[in-house]
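Trainee:
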Amino acid sequence: MSKIKLTMLVLGGLLIGNANLYAAPIPEVDAPEVTVSGDAVETEPPANTASTKEDETPITRSELQGVRSEIAVLSDQLTRQLTRTIANSNRALLISGTLQNRYSATTWQNTSPYNITPGFSFNSAILSLSGNLKKDYEEGKNIDYAVGLSAAGSVNPTKTVTGTNTYAMTVTAATFQPTDAYLRYSILPSLSIDQPYLYIQLGQQKRPFGVEPQATEDKQPAINLATFSGPTGLNLSARDIGLQLKGDLFPIVDLGYNLRTPTIEYALGVFNGTGPNQLENNRSKDFAARINFNAPVEYNSDFRGLTIGSSFSTGKQDLAVINNPSQFISGGSGKASKVRYGGDISYVASPIGFTAEYAVGRDEQALSAKNAYATALTTTTQSSGYTLTLFYEWGEQFQKDYRSQSRSDDWWPKTYQPFVRFDHWDPNTAVAGNETTVLTAGFNFFFAQTTKLQLNYTVSDNKLTNLKENDFILQFQYGF
Amino acid sequence: MKHWIKLLPIVSLLFMSVSVQAADKPSVIRFGLVGNAFGKPYTGGPLGYINEYGLLEKEFAKDGIKIELSYFTGAGPAVNEAIASGLDDFGNVGDLVVVVGKSGGLKVKYILATGQGNNTYIQVNPASGIKTLKDLKGKRIGVNKGTYIHLGLDRILDGVGLTEKDVKLVNLNAGDANNALATNGVDAIASSADRPVVDQGIAKLLYDTRKDVKYQSSPGGLLVSESFAKKYPEITKRVVKVFIKGQYWASQEQNREKQLILGLKTGSSYKNSKDDIADQDLKKKYNPQITAGVEKKYLEIEDFALAHSIIRRKFNLDTLFDKSYTEAALKELGLQNYWEK
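Residue numbers (my numbering), protein chains in the order written: chain A, 1 to 480; chain B, 1 to 341.
Shown next as structure tokens:
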């Protein structure tokens, strides 16, 4: 039975139970107000003394029966709603979603006329289902699941390099594709916040690398990914299919604020290395590992939110021709080495914070397409990228417990977050003058609990294609 | 590079958009309050009276100052977080919350004793086989850590020769604890007087502190952020005056029934609430003064919390208490001799 139904039944039971158990007099309050007169405190007499007498009169059996009848009617309505209009599932299920609508425009370009047409677009729609397959009441060794479906497609215009200074728009229809699809088992007990946690995850998931690459779509700070993290860089934010161990050690718990900070967090995984929704295409596997150290401090420390991390991954890929990654060498399937490593430091605090990440890629590539794998001459191309994001924020959105309030009205917590980001990407460090830089000034306005308006202004310079342009993007991200 | 210069005005505008507030009076006074198990934005006792009749709003209406009340389901620790983050100016919390917050460096002053003698109830699942307090050994106990109930539970365990290490504490807020008890998620829970799962006959009440005064809570406190008190001392005193009015009203025996009825808005059971304070002297319960007795109790809590690893370090209690607001407010109200010192 779903959690909603169980809760409603419990509430219904409570209503009836309370009515049956307590037939005590519950008169209206006619409280005298305390007033100040000079230096003294006086209490005003009750305005209606008759009502006080009435308050002390017990209700009759018939009145009690009337209350019971009303509750029975409510109970009946509730039961009918449960069977007719409330969704059900075999196990606990949380349904959530994120949608993104955009307006983008190029405000300046060093080519004329501008190649990008301003317009509205629907960027993505993500439907997420998560829940619990087994709940271990004894030790919290639960089995959880997560499934995500994303209709991203390329509804948002994308630019494809077809030659120097030549751009084309590639627009494809949006189709739903799985994003997350994994099971998670808690190997260690998870009931005590002062003990270390360890999970194993099987399925399609984010690989353990860096900070931004692991951020899910709804948590990414800027509208566009940092170049090293995206598909035109090392594509580290892409999901992969495999097995991952994630855990932490030496948690610091500050009971005064419900804060748990693990001193060390680690992750180790083995993946196909072929990306999301793809079958394995070679015998080798990718291995990825990440470790990060969080400042082991309590809530009020200035160092709370400081994290230093390092990531590494290695694997094999199809041997491709240098400068033409889509042209593969015959017999070179799964034979070329692929190494990624990087470091990051972040300080996620309020009101000021920053994140800085650096990543390096080393890819074995063929010097030409003339020879098959057995006789191919290869080289290792090193690429690198880094990004630095500074932000300032004020508001309630990021205070964990502040969001959980009892209120009689709907609540619109607001947070304002201006930021600047510098992004640098060098696809081949051995070649000069081929870098891409992107400077972004942005403003995130979070309102309601799951909604944000993002304004990004980017100034980009691609030296490889000699294209410079400034873009304005407005994105409305909302969820449920 | 020159194109980037175009960004400068935008960046400047973004950062300049941080508003600067006038210094003479706040536009709003924000209170962090402990939410209840039923998720309703109400509270009982003196504060229930203050809120019901809008005493805070009336006090500051002439100044154009708004009042914001936040009821946190995360209870006292959430109030601490809100004050530490600058999102709330005042907090009304229990004894242990004060101690763990201050021990962790929370920049607040305890300016008013809001009410003492809160009881801790131990409810058990009949299937757990728990018959006595000693049977709690090795069992899963749900409790909202960092709250006065957590302290009450530790003291109760201590009384039968057990510590937290002898049981499995599960950190749950009040609502989740009730659900966990009902669904066998835990063997027992420590709670306030609210016990809907017992009322339904699903769980049983094992023990409560109504007869054991030594395990009842010490006076909870009205906290004010140091920065707010320093910036607005007169406003702070007026807030204290309103709270004292509420406690004066609640301390009178003739208003016992009425405050119980006000408390029904929280979703609490009338009978349970009535029984909870049946043996208590309301005047003593709602004494707002920071007496030597209060200070002594907090010293004991600090020592107990340190010995039981609830806090990691002691702090100087002199940095916590500030009696000046209460003393001034009591004098202005002519109540300086109403309560026992």
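Ideal Cβ placement from N, Cα and C applies to all residues, glycine included. Owing to the predicted nature of the structure, the values given are computational and were not obtained by experimental measurement.
Please classify G482(A): is it buried, with 16 or more other beta-carbons within 10 angstroms of its beta-carbon, or exposed?
Mentor: Here chain A comprises residues numbered 1 to 480, so residue 482(A) is not present and cannot be evaluated.
Trainee: Answer yes or no: does any C-beta atom of chain B fall closer than 7 Å to that of G256(A)?
Mentor: Yes - at least one Cβ of chain B is within 7 Å of the one on G256(A).
Trainee: Which residues, in order along the segment 287-304 of chain A, keep a beta-carbon less than 9 Å from a beta-carbon of chain B?
Mentor: Those residues of the segment 287-304 of chain A that come within reach of chain B (Cβ to Cβ, closer than 9 Å) are E298, Y299, N300 and S301.
Trainee: Quick check on the burial criterion: 16 or more other C-beta atoms within 10 angstroms. Buried or exposed for V28(B)?
Mentor: Looking at its Cβ environment, which holds fewer than 16 other Cβ atoms inside 10 Å, V28(B) is exposed.
Trainee: Verify the CB distance criterion: does I200(A) have a CB-CB separation below 7 Å to chain B?
Mentor: Chain B contact via Cβ: absent.
Trainee: In its own chain, which residues sit with a C-beta less than 6 Å from the C-beta of F315(B), not counting the 5 before and 5 after it?
Mentor: Closer than 6 Å at Cβ, skipping near neighbours: K102 and S103.
Trainee: Counting only Cβ-Cβ distances shorter than 8 Å, please list the residues of the segment 399-413 of chain A near chain B, keeping chain order.
Mentor: Answer set for the segment 399-413 of chain A: Q399, K400, D401, Y402, S404, Q405, S406, R407 and S408.
Trainee: CB F228(A) to CB G385(A), shorter than 7 Å?
Mentor: Yes, they are a contact pair.
Trainee: Just curious, the alpha helix (DSSP H) that N80(B) is in, first and last residue?
Mentor: Unbroken alpha helix (DSSP H) run through N80(B): A75 to A84.
Trainee: Taking the alpha-carbon positions, what's the Q475(A) to P221(A) distance?
Mentor: For Q475(A) and P221(A), the distance between alpha carbons rounds to 12 Å.
Trainee: Comparing alpha-carbon positions, which option in E469(A), K463(A), L453(A) and T458(A) lies nearest D218(A)?
Mentor: Among E469(A), K463(A), L453(A) and T458(A), the Cα nearest to that of D218(A) is on L453(A).
Trainee: Strictly by DSSP, which residues pair up with Y71(B)?
Mentor: DSSP lists S406(A) and L33(B) as partners of Y71(B).
Trainee: Can a CB atom of chain B be found closer than 7 Å to the CB of T193(A)?
Mentor: The amino acid occupying residue 193(A) in the given sequence is Ile; Thr does not appear at that position. Answer yes: the Cβ-Cβ gap between I193(A) and chain B drops below 7 Å somewhere.
Trainee: From V339(A) to A366(A), what does the alpha carbon distance come to, in whole angstroms?
Mentor: Each residue's Cα considered, the two are about 16 Å apart.
Trainee: Can you check whether the CB of N258(A) is closer than 7 Å to the CB of D401(A)?
Mentor: Yes, the pair counts as a contact, with Cβ atoms nearer than the cut-off.
Trainee: With a threshold of 7 Å between beta carbons, is G175(B) in contact with chain A?
Mentor: No - not a single Cβ of chain A is within 7 Å of the one on G175(B).
Trainee: Relative to chain B, which residues along the segment 329-353 of chain A have a C-beta separation below 7 Å, given in chain order?
Mentor: Those would be S350, in chain order.
Trainee: Is A47(A) close to chain B? Criterion is C-beta to C-beta, closer than 7 Å.
Mentor: Residue placement at A47(A) is poorly supported in this model, since its pLDDT is 41, which falls under 50; the coordinates still yield a value, given next. No, its Cβ sits nowhere closer than 7 Å to a Cβ of chain B.
Trainee: Is there a Cβ of chain A sitting closer than 7 Å to that of Q21(B), yes or no?
Mentor: Low confidence applies here, because Q21(B) scores a pLDDT of 44, under 50, leaving its location unreliable and the question unanswered by this model.
Trainee: How big is the Cα-Cα spacing for Q202(A) and Y182(A)?
Mentor: The identity of residue 202(A) in the sequence shown is Leu, whereas the question assumes Gln. So the alpha carbons of these two residues sit roughly 5 Å apart.
Trainee: Please state the DSSP three-state secondary structure of S460(A).
Mentor: In the structure shown, S460(A) sits in a strand (DSSP, three-state: E or B).
Trainee: Would you identify the three-state DSSP class for N294(A), choosing helix, strand or coil?
Mentor: If DSSP states are grouped into helix, strand and coil, N294(A) belongs with the strands.
Trainee: What number of angstroms, rounded off, separates the C-alpha of K245(B) from the C-alpha of I156(B)?
Mentor: Roughly 34 Å between the two C-alpha positions.
Trainee: I'd like to know whether the C-beta atoms of P351(A) and Y392(A) end up nearer to each other than 7 Å.
Mentor: Contact: yes.
Trainee: Could you name each continuous beta strand (DSSP E) segment of 3 residues or more that falls completely within the segment 184-260 of chain B, going from the start of the chain to the end?
Mentor: Correct list: 188-191, 204-208 and 220-225.
Trainee: Any idea if Q77(A) is buried or exposed, counting beta-carbon neighbours within 10 angstroms, 16 or more meaning buried?
Mentor: With fewer than 16 other Cβ atoms within 10 Å, it is exposed.
Trainee: Look at the Cβ atom of A177(B), then the Cβ atom of I202(B), and state whether they are nearer than 7 Å.
Mentor: It is not a contact, given that the beta carbons lie outside the stated cut-off.
Trainee: Go ahead and label N466(A) buried or exposed: buried means 16 or more other beta carbons lie within 10 angstroms of its beta carbon, across all protein chains shown.
Mentor: By the neighbour-count rule (16 or more Cβ atoms within 10 Å), N466(A) is not buried but exposed.
Trainee: Starting from the Cα of P231(A), find the closest Cα among L249(A), F447(A) and W425(A) and give me that residue.
Mentor: Answer by Cα proximity: W425(A).
Trainee: Which partner residues of G142(B) appear in the DSSP bridge assignment?
Mentor: For G142(B), which the question treats as bridged, DSSP gives the partners V170(B) and I189(B).
Trainee: So, helix, strand or coil for R313(B), using DSSP?
Mentor: Reduced to three states, the DSSP call for R313(B) is coil.
Trainee: If we ignore side chains and look at the alpha-carbon of each, how far apart do E396(A) and R102(A) end up?
Mentor: Roughly 25 Å between the two C-alpha positions.
Trainee: Give me, in chain order, the residues of the same chain whose beta-carbon lies closer than 6 Å to that of N80(B); leave out the 5 immediate sequence neighbours on both sides.
Mentor: Hits under 6 Å: G101 and L106.
Trainee: In chain B, what lies closer than 7 Å to E396(A) by C-beta?
Mentor: What E396(A) touches in chain B: L87.
Trainee: Please state the DSSP three-state secondary structure of N92(B).
Mentor: Residue state, collapsed to three classes: strand.
Trainee: Quick one: which chain A residues come within Cβ less than 7 Å of V310(B)?
Mentor: A small fix is needed here, since residue 310(B) is Ile in this sequence, not Val. Simply L255.
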